[in-house]
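In this text, residue positions in the sequence shown follow full-length UniProt numbering: the first is 1, and each later residue adds one. Even for Gly, the Cβ is constructed at its ideal location relative to N, Cα and C. Structure record follows, encoded as structure tokens.
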Amino acid sequence: MNDTVRISKTTSENPDFVNLIAALDKSLWERYPELKTNYWGNNILELNPNVIVVYLHEKPVACGCFKKYDKNAIEIKRMFVSPEVRGMGLAQTILLELEGWAHDLGYSFSVLETLYKQKEAIALYQKTGYTIVDNYEPYVGLENSICMRKQI
1 MNDTVRISKT
11 TSENPDFVNL
21 IAALDKSLWE
31 RYPELKTNYW
41 GNNILELNPN
51 VIVVYLHEKP
61 VACGCFKKYD
71 KNAIEIKRMF
81 VSPEVRGMGL
91 AQTILLELEG
101 WAHDLGYSFS
111 VLETLYKQKE
121 AIALYQKTGY
131 TIVDNYEPYV
141 GLENSICMRK
151 QI
């Protein structure tokens, strides 16, 4: 990373994060209009103290966060990189930052869910050590979901 990229640890109340999440939701509903009713409840933005926003030339361009899944694991949520800056390695940077943060807080595992059409995301997660596992709650029985896990 060069000096034009800044990584900020923040909360879900950060207006830049809120705007990036709105762009993420818009892109998901455009790509998966048939799934909106099944997944909307899993994407409610609750107060979260474990958020990362990435700035490029001081413009917010990417984000991610995690929440506690159980006593040993966190769940990666709301990963998004603006289309105009994809391919720069920002998603991997966010993922590694979130995993390190969770590890520092005492967590041993990370889980996540993505959708089957998210080929780039699935490839990124596998490249960084995630393996596909049986769907966990609340994704059990949802055939469009791909659930993954990694020791951190």
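query                                                                                                                                                                      : result
Determine the closest residue to Lys-26 out of His-103, Val-51 and Arg-78, with distance taken between C-alpha atoms.                                                      : Arg-78
Touch check for the stretch 63-76 and the stretch 109-116: three-plus C-beta pairs under 8 Å?                                                                              : yes
Rounded to the nearest angstrom, what separates Cys-65 and Pro-33 at their Cα positions?                                                                                   : 24 Å
Since Gln-92 and Leu-124 are thought to touch, with beta carbons under 8 Å apart, how far apart are those beta carbons, to the nearest angstrom?                           : 6 Å
According to DSSP, Ile-94 sits in a beta bridge with which residue or residues?                                                                                            : Paired residue(s): none; Ile-94 is not in a bridge.
Would you identify the three-state DSSP class for Glu-113, choosing helix, strand or coil?                                                                                 : strand
Closest to Leu-20 by CA distance: which of Glu-30, Val-81 and Val-140 is it?                                                                                               : Val-81
Just to confirm the assignment, what range does the beta strand (DSSP E) spanning Glu-120 have?                                                                            : Run containing Glu-120: none in the beta strand (DSSP E); it sits in the alpha helix (DSSP H), 119-127.
Note down, one range per segment and in chain order, each beta strand (DSSP E) of at least 3 residues found wholly within the stretch 3-75.                                : 5-10, 51-56 and 59-68
Got a sec? Which residues, its chain only, sit under 6 Å from Tyr-55 by beta carbon, not counting five neighbours each side?                                               : Arg-6
Excluding the five sequence neighbours on either side, which residues of its own chain have a C-beta within less than 8 Å of the C-beta of His-103, listed in chain order? : Ile-152
DSSP on Val-140, reduced to helix/strand/coil?                                                                                                                             : coil
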